[in-house]
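*Asks:* One line per chain: the protein sequences are A and B, in this order.
For reference, each letter of the first sequence is one residue, going 51 to 389 in this note's numbering.
For reference, each letter of the second sequence is one residue, going 51 to 389 in this note's numbering.
The structure follows.
Number of protein chains: 2
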Amino acid sequence: MRERPTLRSVALKANVSIATVSKVVNGIAAGVSEATRKEVEAAIEELGYRPNRVGRSLRSQRHQAVGLAIVDPSPRFLADPFTTNLVAGLCNQLNTNGFGLLLYGVMPGKLSESSLIRQSEVDAICLNPSGTRDEREAAMELVSGLGQPLVVFQDRPVQNLQDVCFVRQDDAGGAELLANEVMKRPRRRAVMVIADIPWPAVENRVAGFRKVFEARGVQLDLVTCDETDSQAISSGIAGYLDDHGVPDVIVGQNDQIAIACIDILTARGLEVPRDVAVTGYNAFPFTGLSRPALATVRSRAYDVGVTAASAILERLENGRFRQREYVLPLELVPGNSAP
Amino acid sequence: MRERPTLRSVALKANVSIATVSKVVNGIAAGVSEATRKEVEAAIEELGYRPNRVGRSLRSQRHQAVGLAIVDPSPRFLADPFTTNLVAGLCNQLNTNGFGLLLYGVMPGKLSESSLIRQSEVDAICLNPSGTRDEREAAMELVSGLGQPLVVFQDRPVQNLQDVCFVRQDDAGGAELLANEVMKRPRRRAVMVIADIPWPAVENRVAGFRKVFEARGVQLDLVTCDETDSQAISSGIAGYLDDHGVPDVIVGQNDQIAIACIDILTARGLEVPRDVAVTGYNAFPFTGLSRPALATVRSRAYDVGVTAASAILERLENGRFRQREYVLPLELVPGNSAP
DNA sequence: CTGAAAGCGCTAACAG
DNA sequence: CTGTTAGCGCTTTCAG
């Protein structure tokens, strides 16, 4: 294996100084004659020179990379399709603009030990927080204290932080859309089935449902369950049905949970939506699987990622975030599961 | 915002040389008295010093980071649950050992333009290739030519490459398990529904099915379709049914496709598995949704990621990969959709 | 138009 | 036990 060529080896080969090579590499037109440029380019080609990003970073203090910390109690932190699509959007938009994405999955409370935090080698950090609002704010403050631009996903803005941008889809608005859909028929009692981990987006959905249901005099109960497998969801909802009887509406925190709910209702001889209306949340391109088709909202996770990347790129360019907050509107996906 | 402290500022504060601080930071016991160590640690604490990874990298030529290139024609390259779980396993195992994961989604043929390739800042590269075998081999050679340790996912080994490790689940073996399950009843004709993008893992599955079916005198047809949405899958399989009639068995390239197949069969008044047996592939923790429950194999995607990370860590430690190939065995998930 | 040189933050060899 | 120093590869200023 030959040594990797450096500016110096190229300079040697082309009989010029490394400063000249640097100019050519960086496409700096001023101060290089066409003739030398050609020669240098030939040497670069011949040696197969590729610039060393580390040397460049050390000098320029820019790393062409963005860090993403996903705070999640599950080691399979990427299992959730929302996260998955967000990462894809972020990564694509970054890659397209010559930036890399440094991915970290971190357990709640372990953020300060993560090497993303302990050693900086990125131009900006993205944070996908989970936990209670207090825990999330603590995480935001920790990362913000690093003095790097920060993008926070899915959470509501915090006042006292500098150089931070909040990007999320309009989860409360999406919930209102679904609630209004459901309310096309008269209802008395609704149940929302949520995971036992507090997620900011879910808080917003609860708020959206509550707003509409309360205004229409509909009682809203919350049922919490472990969402890691459909078994746990089933027993969670089954417990509620046994204790409180059958409600008019079941809204799932997401599509997976809603499908599990439809399953157990069907198993008990109930018909959706005749006996119970069911709605999901966060439809993704590949989710036309349930019967009856789920009434849900189309997730903007991918766009959230793209928006964040664009905001970061722009921030790096101009020294500040243009907007402090981006809220992407959601769209109803009508289905046969409601109303 | 205060300047970020460096070795120098800590040294100044503690009235020692930067060499001494460096030793303390790196936990080098030899040559530092307990007293100075304490003083230095106090200075580090007070200044909030964190080592700069870039300076360290430049000097030590190690980056504590691994690159992952996912070659996929879809911009939503992370949509596939296999990829998702693989990334999670890889990322967790790497993070746990102080390594970062630099993620790149790249379009087929664009690999050489990717900045992961063009600028090295990682200690090893992982490649998740797609396309024809030729295209995949070209990609492997390209990356291998960088002179960095390389891990290739899901593909069969290539002979002439140095410092490469191949990690995959036993897709052919998994297909044989399913085929044998299906063959518990007599069959004449089977159809495999596959995506129009060639994936190495799918080639292996086809080979596994073919082996068993051929040995038992069962004809195996292939139907190709766009797998990006269930609509396209439905029309693909519908076309086959119209042209060739109903086969005894339909095997899907993955669970999503199999579920779409069950849908369309049911819609046509056919009963699974009475009229047609259906099998899937790559069950993930959250895939108990179809009725009848799908006969499939449990994917080892997460373990593939973990295995790769461990292999890389070991390679970086010892200078060479211990094994050239890791093939993780698959396990049947029996279901009611077959036999 | 071209080159010499300083220095980004760090490690490690070597000198004291 | 501690400090001095020479770079790692690069960008950029300043002189020629």
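Even for Gly, the Cβ is constructed at its ideal location relative to N, Cα and C.
Computed from a prediction, not measured in an experiment: that's the story for all the values here.
Chain A beta carbons: is any one of them nearer than 8 Å to that of asparagine 254 of chain B?
*Replies:* In the second sequence, residue 254 of chain B corresponds to position 204, counting from 1. No, its Cβ sits nowhere closer than 8 Å to a Cβ of chain A.
*Asks:* Which chain B residues are close to glutamate 171 of chain A, counting only those with a beta carbon under 7 Å from its beta carbon?
*Replies:* Counting from 1 along the first sequence, the entry for residue 171 of chain A is found at position 121. Within 7 Å Cβ-Cβ: Arg103, Val104.
*Asks:* Spell out the partners DSSP gives glutamine 269 of chain A in its beta bridges.
*Replies:* Translated into positions along the first sequence, residue 269 of chain A becomes position 219. DSSP, once it has assigned bridges, lists A:Arg239 as partnering glutamine 269 of chain A.
*Asks:* Taking the alpha-carbon positions, what's the valine 156 of chain B to asparagine 142 of chain B distance?
*Replies:* Working through the second sequence from its first residue, we reach residue 156 of chain B at position 106. Working through the second sequence from its first residue, we reach residue 142 of chain B at position 92. Rounded to the nearest angstrom, the two C-alpha atoms are 22 Å apart.
*Asks:* Drop a sphere of 10 angstroms on the beta-carbon of arginine 112 of chain A, count the other beta-carbons inside from all chains shown, and report buried for 16 or more, exposed for fewer.
*Replies:* For the purposes of this step, residue 112 of chain A is identified with residue 62 of the first sequence, where counting begins at 1. Exposed, by the Cβ-count rule.
*Asks:* Measure from the C-beta of leucine 151 of chain B to each C-beta in chain A and report whether the shortest distance is under 8 Å.
*Replies:* Position 101 of the second sequence holds residue 151 of chain B. Yes, contact with chain A.
*Asks:* For methionine 51 of chain A, is the classification buried or exposed, using 16 other Cβ atoms within 10 angstroms of its Cβ as the cut-off for buried?
*Replies:* The count along the first sequence starts at 1 and reaches residue 51 of chain A at position 1. Here the model assigns methionine 51 of chain A a pLDDT of 49, short of 50, so the residue's position is not dependable, and the following value carries that caveat. Looking at its Cβ environment, which holds fewer than 16 other Cβ atoms inside 10 Å, methionine 51 of chain A is exposed.
*Asks:* Classify aspartate 122 of chain A as buried or exposed, calling it buried when 16 or more other Cβ atoms lie within 10 Å of its own Cβ.
*Replies:* The sequence position of residue 122 of chain A within the first sequence is 72, counting from 1. With 16 or more Cβ atoms within 10 Å of its Cβ, aspartate 122 of chain A is classed as buried.
*Asks:* Please look up how many angstroms separate the CB atoms of alanine 345 of chain B and proline 384 of chain B, rounded, as I've assumed it's under 8 Å.
*Replies:* On the second sequence, position 295 is the one that residue 345 of chain B refers to. On the second sequence, position 334 is the one that residue 384 of chain B refers to. With 8 Å as the limit, alanine 345 of chain B and proline 384 of chain B qualify as a contact, their Cβ atoms being about 6 Å apart.
*Asks:* Under 8 Å, with one C-beta from each stretch per pair, do the stretch 167–176 of chain A and the stretch 99–112 of chain B reach the 3-pair mark?
*Replies:* Output reads yes: the stretch 99–112 of chain B touches the stretch 167–176 of chain A.
*Asks:* Got a sec: is the Cβ-Cβ distance from asparagine 76 of chain B to anything in chain A below 8 Å?
*Replies:* As a working mapping, residue 76 of chain B is identified with position 26 in the second sequence. Closer than 8 Å: no.
*Asks:* By the 8 Å beta-carbon criterion, what residues does the stretch 270–291 of chain A contribute toward chain B?
*Replies:* The stretch 270–291 of chain A vs chain B, Cβ under 8 Å: Thr278, Asp279, Ser280, Gln281.
*Asks:* Would you identify the three-state DSSP class for methionine 51 of chain A, choosing helix, strand or coil?
*Replies:* Against the first sequence, residue 51 of chain A aligns to sequence position 1. Annotation note: pLDDT 49 at methionine 51 of chain A (below 50); position unreliable, coordinate value reported separately. Note: methionine 51 of chain A maps to coil in three-state DSSP.
*Asks:* Does proline 384 of chain A get closer than 8 Å to chain B when you measure Cβ to Cβ?
*Replies:* Taking the first residue of the first sequence as position 1, residue 384 of chain A is located at position 334. No, no contact with chain B.
*Asks:* Compute every distance between the C-beta of aspartate 298 of chain A and the non-hydrogen atoms of the ligand ATP, then say whether any falls below 7 Å.
*Replies:* Absence of the ligand ATP from the depicted structure is noted, as is the absence of any ligand whatsoever, leaving it without description.
*Asks:* Is there at least one Cβ from chain B nearer than 8 Å to valine 354 of chain A's Cβ?
*Replies:* Indexing the first sequence from 1 puts residue 354 of chain A at position 304. For valine 354 of chain A, the answer is no, since every Cβ of chain B falls outside 8 Å of its Cβ.
*Asks:* Quick check on valine 56 of chain B - is its C-beta less than 8 Å from some C-beta in chain A?
*Replies:* In the second sequence, the residue the question calls residue 56 of chain B occupies position 6. Inspection of the sequence shows that residue 56 of chain B is occupied by threonine rather than by valine. No, threonine 56 of chain B lies away from the interface with chain A (no Cβ there is under 8 Å from its Cβ).
*Asks:* Can you tell me which residues form a DSSP beta bridge with cysteine 215 of chain A?
*Replies:* On the first sequence, position 165 is the one that residue 215 of chain A refers to. Its beta-bridge partners are A:Val201.
*Asks:* Less than 8 Å between the C-beta atoms of valine 299 of chain B and arginine 237 of chain B, yes or no?
*Replies:* Your numbering for residue 299 of chain B matches position 249 in the second sequence. Your numbering for residue 237 of chain B matches position 187 in the second sequence. Cβ atoms of valine 299 of chain B and arginine 237 of chain B: closer than 8 Å.
*Asks:* How close, in whole Å, do the beta carbons of cysteine 215 of chain B and glutamine 373 of chain B come, if the pair is a contact with beta carbons under 8 Å?
*Replies:* Counting from one through the second sequence, the residue named residue 215 of chain B turns up at place 165. Counting from one through the second sequence, the residue named residue 373 of chain B turns up at place 323. So it is a contact: roughly 7 Å between Cβ atoms.
*Asks:* Where do the ends of the alpha helix (DSSP H) carrying glycine 117 of chain A lie?
*Replies:* Taking the first residue of the first sequence as position 1, residue 117 of chain A is located at position 67. No alpha helix (DSSP H) holds glycine 117 of chain A; the beta strand (DSSP E) holding it covers 115–121.
*Asks:* Of the choices B:Val377, B:Gln281, B:Val328, B:Ala358, whose alpha-carbon is the least far from that of serine 387 of chain B?
*Replies:* Position 337 of the second sequence, counting from 1, holds the residue named residue 387 of chain B. Closest by alpha carbon: B:Val328.
*Asks:* Can you give me the C-alpha to C-alpha distance between leucine 118 of chain B and phenylalanine 203 of chain B, rounded to a whole angstrom?
*Replies:* Stepping through the second sequence from its first residue, residue 118 of chain B is reached at position 68. Stepping through the second sequence from its first residue, residue 203 of chain B is reached at position 153. Taking the straight line joining both Cα atoms gives about 10 Å.
*Asks:* Leaving aside the five residues before and after cysteine 311 of chain B along the sequence, list all residues of the same chain whose C-beta is less than 7 Å from its C-beta, in chain order.
*Replies:* Counted from its first residue, the second sequence places residue 311 of chain B at position 261. Cβ neighbours of cysteine 311 of chain B beyond the five flanking positions: Val243, Ile287, Ile300, Gly302, Val328.
*Asks:* If we require 4 or more residues per run, which alpha helix (DSSP H) segments fall completely within the stretch 139–196 of chain A?
*Replies:* Whole alpha helix (DSSP H) segments, 4+ residues: 165–168, 183–194.
*Asks:* Give the interface partners of arginine 100 of chain A over in chain B, defined as CB-CB distance under 9 Å, in chain order.
*Replies:* Reading the first sequence from its first residue, position 50 is the one you call residue 100 of chain A. Here the neighbours are Ile167, Arg168, Gln169, Ser170, Leu196.
*Asks:* Have a look at leucine 320 of chain A and glycine 258 of chain B and give me their C-alpha separation to the nearest angstrom.
*Replies:* Reading the first sequence from its first residue, position 270 is the one you call residue 320 of chain A. Reading the second sequence from its first residue, position 208 is the one you call residue 258 of chain B. Computed Cα separation, rounded: 42 Å.
*Asks:* For the stretch 124–135 of chain B and the stretch 132–140 of chain A, state whether three or more C-beta atom pairs, one from each stretch, are separated by less than 8 Å.
*Replies:* Contact holds: three or more Cβ-Cβ distances are below 8 Å.
*Asks:* Quick check on DSSP: helix, strand or coil for arginine 372 of chain B?
*Replies:* Here residue 372 of chain B corresponds to residue number 322 of the second sequence, with the count starting at 1. Note: arginine 372 of chain B maps to coil in three-state DSSP.
*Asks:* With a cut-off of 8 Å on the beta carbons, I'd call aspartate 325 of chain B and valine 354 of chain B a contact; round off their distance for me.
*Replies:* For the purposes of this step, residue 325 of chain B is taken as the residue at position 275 of the second sequence. For the purposes of this step, residue 354 of chain B is taken as the residue at position 304 of the second sequence. Actually they are not in contact, since the Cβ atoms of aspartate 325 of chain B and valine 354 of chain B sit about 35 Å apart, beyond 8 Å.
*Asks:* I'd like to know whether the C-beta of methionine 51 of chain A is nearer than 8 Å to at least one C-beta of chain B.
*Replies:* On the first sequence, position 1 is the one that residue 51 of chain A refers to. Residue confidence is low: methionine 51 of chain A scores 49 on pLDDT, short of 50, so the model does not pin down where it sits. No coordinate-derived value is stated.
*Asks:* Nearest CA to the CA of glutamate 191 of chain B: which residue from B:Leu144, B:Asp220, B:Gly159, B:Glu84?
*Replies:* As a working mapping, residue 191 of chain B is identified with position 141 in the second sequence. The option with the nearest alpha carbon to glutamate 191 of chain B is B:Gly159.
*Asks:* For the structure I just gave you, are there three or more beta carbon pairs, one from the stretch 350–368 of chain A and one from the stretch 79–90 of chain B, closer than 8 Å?
*Replies:* Taking 8 Å as the limit for Cβ pairs, the verdict is that the stretch 79–90 of chain B does not touch the stretch 350–368 of chain A.
*Asks:* Is there a Cβ from chain A that is less than 8 Å from the Cβ of leucine 108 of chain B?
*Replies:* Stepping through the second sequence from its first residue, residue 108 of chain B is reached at position 58. Yes, because at least one Cβ of chain A sits closer than 8 Å to the Cβ of leucine 108 of chain B.
*Asks:* What residues in the stretch 345–370 of chain B bring their beta carbon closer than 9 Å to a beta carbon of chain A?
*Replies:* Listed in sequence order: Tyr352.
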